[in-house]
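Below is one structure, written out as structure tokens, with a few remarks after it.
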Amino acid sequence: MDCVIACEYNAISNGGFMIKEKLLKLCLAPLRLLPIKENRIVFICNRGGGFCCNPKYMAQYIHENYGSQYEIIFFYNDESVVKRNNCDWITWKKFDGFGYIEALVTAKYIVSNITIPRFVPYRRQQVKMCTWHGSAFKGTGDMEYNFDKYDVFLAENELTYKVIREIWMYRGEILRTGMPRNDCLFNFTKKQIKNIKEKIGVPEEHLLLYAPTFRDKGDADCFSVDFLKLKAHLEDIFGGSWQVAFRYHPLQKKRNLPSGCIDLSTYEDMQELLMCTDILVTDYSSCMWDFSLMGKPCFVYASDIDRYINDERGAFLYPIDMLPFPLARNNDELVERIVQFNRKEYEERLKQFFKEWGRYNYDGTATKKAVDRLLNG
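Residue 1 is where the sequence shown starts when you use full-length UniProt numbering, and the numbers rise one by one after that.
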């Protein structure tokens, strides 16, 4: 069963995929006879790759506010995921196994930060919510086809709302809440920051985090930041002791870590890293929007922008030049942007961007709003 189910996730774009999907749906149709469990909530997070992002924060909120009233199910694709997040209030099932399908068929509530399989025989009584895993910025395939199984979709900001509705052509309900995962960026304490920094091994240092998105073809040559040079300039410009960290995207094929930085790729919760990061450098990742909610300096390092547009995802959903973040295409420009950084001008650009495109979640209540909609309609 596992190998059959896994075909849903192959990168197949021809008619054969549609035939296989219809055959799977036909084979699984008898599962409609299984009763729906009114207290079962299924969370799909990164295809079983971890306990993080919006599903994590929604699940924690439900556990803290509803106790054992609901059965909470997560999926794993490797036993290490369960070991890292072993707690008595989560039921773990193997991603792509029969338990995965059975849970999707019988759960009253389904929450996912990715697409959900179309071949599953869902019922009208079920509530299916997509939190997605970031703000819309780059192409992501045939989203009208991928998302039409959802009943409700969360939007991080007004720009994302328009992309979901007008570009991805989603016709269901869109909830203007912001991302549940970002509530913690409004509510963290100094003690939390201290604990996280001790956990990652930088208890006293200032932190610059380089967190690029993945490349579909696995190419990592574009991640060419000169970390030693960058660290030296940070200490000259801002003073104090600085540490530079690299976090590969979970889908990126790993390579040997460049000299001059520490590896935070296995740290599961990106939001916790953003909490204690002083400066963020990214490329086309939506972590820039999460980070901007705190008003901290973010720089875009886009050394392969032309190749990325032509060979990877196609055109951006809006021009990269409209971003409020300083843009660099090589190491010299990156250092120059950091040296010339003006906080007042940066804050004004953020203010104008948010004013024009709208942002949600000013008060850190996105999780509550999303859970209320999920459970109470």
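We treat Cβ as the ideally placed atom computed from N, Cα and C, and that holds for glycine.
DSSP places Asn195 in the helix class (H, G or I) of the three-state scheme. Inclusion of Leu28 and Pro180 in the CB contact set at 8 Å is not warranted, their separation being larger than that value. When secondary structure is reduced to three states using DSSP, Ser112 falls in the strand class. Within the region 46 to 80, the runs of beta strand (DSSP E) that reach at least 3 residues and sit entirely inside it are, in chain order, 71 to 76.
One Cα belongs to Ile41, the other to Lys83, and the distance between them is close to 21 Å.
By a beta-carbon distance limit of 8 Å, Tyr301 contacts Asp283. Their separation comes to about 6 Å. Looking at Ile62, Arg337, Ile193, the one whose alpha-carbon comes closest to that of Glu272 is Ile193.
Taking a contact to require three or more Cβ pairs closer than 8 Å, the region 230 to 243 and the region 172 to 188 do not qualify as touching. The C-alpha of Glu166 is placed about 27 Å away from the C-alpha of Leu327.
By the CB criterion at 8 Å, Asn77 and Arg124 fall outside the cutoff. Going by DSSP, Trp242 is part of the beta strand (DSSP E) stretching over 242 to 246.
The beta carbon of Phe188 sits closer than 8 Å to those of Met275, all from its chain and outside the five residues before and after it, given in chain order. A Cβ-Cβ contact shorter than 8 Å links Ala370 with Thr177.
Under DSSP, Trp92 takes part in a beta bridge, and its partners are Phe74.
For Tyr362, the closest alpha carbon among the candidates Cys52, Ile90, Glu156 is that of Glu156. DSSP, reduced to helix, strand and coil, places Asp148 outside both helices and strands of the structure shown, so it counts as coil. One alpha carbon belongs to Thr91, the other to Cys53, and they sit about 18 Å apart. DSSP places Cys261 in the coil class of the three-state scheme, outside both helix and strand. DSSP places Ile36 in the coil class of the three-state scheme, outside both helix and strand.
Using a 10 angstroms sphere on the CB of Gly67, the tally of other CB atoms stays under 16, which defines it as exposed.
Within the DSSP secondary-structure output, Cys276 pairs in no beta bridge.
Going by DSSP, Leu209 is part of the beta strand (DSSP E) stretching over 206 to 210. In the DSSP annotation of this structure, the continuous segment of the beta strand (DSSP E) that includes Cys130 starts and ends at 127 to 130.
The beta-carbon distance between Ile110 and Met129, rounded to whole angstroms, is 7 Å. This is short enough to meet the 8 Å contact definition. In the three-state DSSP reduction, Arg176 falls in the strand class (E or B).
Comparing alpha-carbon positions, the option among Ile338, Phe325, Lys368 lying closest to Lys351 turns out to be Phe325. By the neighbour-count definition (other C-beta atoms within 10 Å, threshold 16), Gly201 is an exposed residue. Per DSSP, the beta-bridge partners of Cys298 are Leu280. It is roughly 29 Å from the alpha-carbon of Val335 to the alpha-carbon of Asn182. Within the same chain, and ignoring the five residues on either side of Pro55 in sequence, the residues whose Cβ sits closer than 6 Å to its Cβ are Phe43, Cys45, Val111, Asn113. Listed in chain order, the alpha helix (DSSP H) runs fully inside the region 318 to 365 are 331 to 339, 343 to 357, counting runs of at least 4 residues.
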